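Taken in sequence, the protein lines are chains W and P.
As numbered in full-length UniProt numbering, the first sequence has no gaps in its residue numbers, which increase by one up to the final residue, 263.
As numbered in full-length UniProt numbering, the second sequence has no gaps in its residue numbers, which increase by one up to the final residue, 437.
What follows is a short report on a single structure.
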Amino acid sequence: MSETLKVKTMAEFMAEGKQPEILFWVGSAGSYDDRAKKITKAFVKILNAANVDFAVLGQEESSTGDIAKRAGNEFLFQMQAVMNIELLNGYEIKKIVTCDPHSYNCIKNEYPSLGGSYQVFHHTQYIKDLIASGRLKVSGDTYKGKRITFHDPCYLGRANNEYNAPREVLQNTKANLVEMKRHKSTALCCGAGGAQMFKEPEKGDKDINILRTEDALETNPNIIATGCPYCNTMMTDGIKAKEKEAEIEVLDIAELIANTGNL
Amino acid sequence: MTYLPNILFAITLIIGIGYFTKNVKKLIRNIKLGHDVDASNNKSQRWKNVINIALGQSKMVRRPISGLLHVVVYVGFIIINIEVLEIIIDGLFGTHRIGLKVLPVSVYGFLIGTFEILACLVLITVIVFWIRRNVLKLARFMKSEMTGWPKTDGNLILYFEVVLMTLFLVMNATDVEFQSLNTGNVISQYIAPWFSGLTEGTLHIIERGAWWLHIIGILIFLNYLYFSKHLHIILAFPNVYFGGLNPQGQFNNLDAVTKEVKLMMDPDADPFAAPAEGAEDDIPAKFGASDVQDLSQIQLLNAYTCTECGRCTSACPANLTGKKLSPRKIMMDTRDRLEEVGKNIDANNGEFKDDGKQLLGDYITAEELWACTTCNACVEECPVSINPLSIILDMRRYLVMEQSAAPSELNNMMSNIENNGAPWPYNQMDRLNWKDE
């Protein structure tokens, strides 16, 4: 296990007069949320292992405004977007990778008309490319023969039609990928989207994450794989509510790959 | 006197088509109450969508049972309607089965035979549809918005189809001349014996009766469309053409907001400067939507197109977990309110008079709007490219930007973003702490 993470900020690159290969957009969850920080670090381990010359914005990064937009606050969204775009364009950023499908969707689709056009990758897409180009070698039997079910994040799947990258990457764990009844374009939301993460749900007869956890439990999995920090929280809570946390782990694909490669 | 049937027929046709045209004009006027959107881009993709999604029913068959049943009724409807052409010509010119005069008997027989088989299949399918709604009571037809008129409407359409298909088959079965040709009477030959005891004169009367009722039925059905959910048989095509082409996750950026934000961020901008010539026209009366006039013409077309199948609602995570939100109800409410506004305009000489009501609150509640996870399941499901999510978002925008009426937790989240660039109250200086933890 490599102990230290190599993480350089954009400001440091600038001071050295260099450009990174790609900017890692950490996102608010990945920066502050204890569970999501583990995903961030797992992804950094992968980037380090593949010798990717990446940068983060560090203290200069700010919310994409995605949540504000979905809550209806277009002003706040555009303020955040314009600020971020000014920063990104100032650093002449061309490529961005993020572990958060919401940031991915927002920067990729909603920033261009405000002046910010970049090539944006979800981390599963980027990991897929790293493996395909031979830069990242993942071999290990950590998850060999385990049953993994992948929960499609709405903002990667339906929102951007990316269903294959996460599944292809998961093949490298040598686990058995089992699909839930509702998967890919018919996948059920974890319940966190559209700013729901930050409020109590409306009155109903069940929480959405519980219903989605039941979908996952039907596949009798050892692991529920996620590709979004918010989905991860919702599914983890669901597993706890079902008192299955001793048997079933909820892990991001970055963590599964980092663990498989013993990075 | 010999021309009396022809004249009667022409009058019936003129009334039937005339009244329909009048309502179509009203429908277009109502849709134009929405604001204009530019959908002139990417015409080739738009036509491809019309061919695949509308004509080709590609999204219908994602649910194979209802999808294939629907294809039967759809194909049957379109093809059997070729027969209407013959009926109209016969009716206007006093001919009988003009097709036999212009086509070889074998071709005519093949056509009518095909219509008969389709009519029979449509009959069976419609009965299955009726059973699904009334006996099996499929969950999506039993939601709270599907009581009263919407439920009756769904059944009435099925009854219409049964009557029209039966009349078509009876008309053929009692046409002595047609039966004697013994070509094309694939189904009707088995119905003809039911009338075997009757004289030729009586048979002729039944045949004429069925013929007249069939065409009158079709005209009534045509005019029923405007008052029913069934407009989709026409509007599905333009609606799919105008459907979204961007990734589903991409929500529109409000231009009016962009202008204000750019102004705020521009250090050289003079906040007290007089607006440029014509600039006032660009600033909307309000941000977001509280009533149908604030929605776009495409969103209003969406509302008229919705046939209340409920696939959206049956995939909606909020609805599946017992919340009040139903994307189908969003579309039904939008249409109902639009119709109300249209009637108001009719009653007040073309001018809308404030009726103290609006879409927000009187039809769609804030509770429904805040239950949405913006997951796009409804958009993905809709077989005719309706986007209920865009209406939900526009109404949230109104709640937040015009009324500051977001749930208090969301207000906290938003002030956190404003103050420290994250939805949680953490210091922006701590953003990189994870590196060393």
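For each residue, glycine too, the CB sits at the ideal point set by N, CA and C.
All of these numbers come straight from a predicted model, not from anything done at the bench.
Starting from the C-beta of residue 11 of chain W, find all residues in its chain whose C-beta is less than 8 Å away, skip the five residues before and the five after it, and write them out in chain order.
-> 58, 60
Of all Cβ atoms in chain P, is any one closer than 9 Å to the Cβ of residue 99 of chain W?
-> no
By DSSP, does residue 8 of chain W sit in helix, in strand, or in coil?
-> strand
Given a cut-off of 9 Å, decide if residue 215 of chain P and residue 391 of chain P are closer than it, judged by their beta-carbon atoms.
-> no
With distances taken between CB atoms, is the gap from residue 45 of chain W to residue 258 of chain W smaller than 9 Å?
-> yes
Examine the Cβ distances between the region 227-247 of chain W and the region 203-216 of chain W and report whether three or more of them are shorter than 8 Å.
-> yes
Coarse secondary structure for residue 133 of chain W, derived from DSSP in three states = coil
Chain P contact residues for residue 79 of chain W, given Cβ-Cβ distances below 7 Å | 261
Please name the residue in P/6, P/36, P/17 whose C-alpha comes closest to that of residue 299 of chain P.
-> P/36
Every unbroken alpha helix (DSSP H) inside the region 359-431 of chain P [4 residues or more] = 359-362, 366-370, 377-381, 388-397, 408-420
Run of the beta strand (DSSP E) containing residue 25 of chain W, from where it starts to where it stops | 22-25
Helix, strand or coil for residue 2 of chain W, going by three-state DSSP, please let me know.
-> At residue 2 of chain W the pLDDT is 46, less than 50, meaning the model places this residue with poor confidence; the figure from the coordinates comes in the next sentence. In this structure, residue 2 of chain W counts as coil in the three-state DSSP scheme.
Endpoints, the alpha helix (DSSP H) within which residue 75 of chain W is located = 74-90
If residue 67 of chain W and residue 195 of chain W are in contact, beta carbons under 8 Å, what's the gap, nearest whole angstrom?
-> 5 Å
Determine which residues share a DSSP beta bridge with residue 35 of chain P and list them.
-> P/296
From the DSSP output, in three-state form, read off residue 186 of chain W for me.
-> helix
Give the straight-line distance between the Cα atoms of residue 288 of chain P and residue 71 of chain W, rounded to the nearest whole angstrom.
-> 12 Å
Hey, how far is the Cα of residue 352 of chain P from the Cα of residue 232 of chain W?
-> 50 Å
Would you call the CB atoms of residue 156 of chain W and residue 104 of chain W closer than 9 Å?
-> yes
Kindly give me the distance between the Cβ atoms of residue 249 of chain P and residue 109 of chain W, rounded to whole angstroms, as I take these residues to be in contact under 8 Å.
-> 6 Å
Whether residue 181 of chain P touches residue 105 of chain P by CB criterion (9 Å) | yes
For residue 358 of chain P, count neighbouring C-beta atoms within 10 Å of its own C-beta (all shown protein chains included) and say buried if the count is 16 or more, exposed if not.
-> buried
State yes or no: is the C-beta of residue 344 of chain P within less than 9 Å of the C-beta of residue 355 of chain P?
-> yes
Using a Cβ-Cβ cut-off of less than 9 Å, list which residues of the region 203-222 of chain W approach chain P; keep chain order.
-> 203, 204, 205, 206, 207, 208, 210, 211, 212
Chain P contact residues for residue 68 of chain W, given Cβ-Cβ distances below 7 Å = 414, 417
Taking only beta-carbon atoms, is residue 155 of chain W less than 9 Å away from chain P?
-> yes
Under the three-state DSSP convention, the category residue 98 of chain W falls into = strand
From what residue to what residue does the beta strand (DSSP E) around residue 211 of chain W run?
-> Run containing residue 211 of chain W: none in the beta strand (DSSP E); it sits in the alpha helix (DSSP H), 208-217.
Which residue or residues does DSSP assign as beta-bridge partners of residue 224 of chain W?
-> W/149, W/250
Helix, strand or coil at residue 252 of chain P according to DSSP, with G and I counted as helix = coil
Compare the C-beta of residue 59 of chain W with all C-beta atoms of chain P and state if any pair is closer than 9 Å.
-> yes
How about residue 83 of chain P and residue 115 of chain P: are their beta carbons less than 9 Å apart?
-> yes
Interfacial residues, the region 10-37 of chain W to chain P, with Cβ spacing under 7 Å = 28, 31, 32, 37
In chain order, which continuous runs of the alpha helix (DSSP H) of length 4 or greater are located wholly inside the region 157-181 of chain P?
-> 176-181
Cross-strand partners of residue 176 of chain W (DSSP beta bridge) = W/147
Report the residue from W/80, W/201, W/148 whose alpha carbon sits nearest the alpha carbon of residue 247 of chain W.
-> W/148
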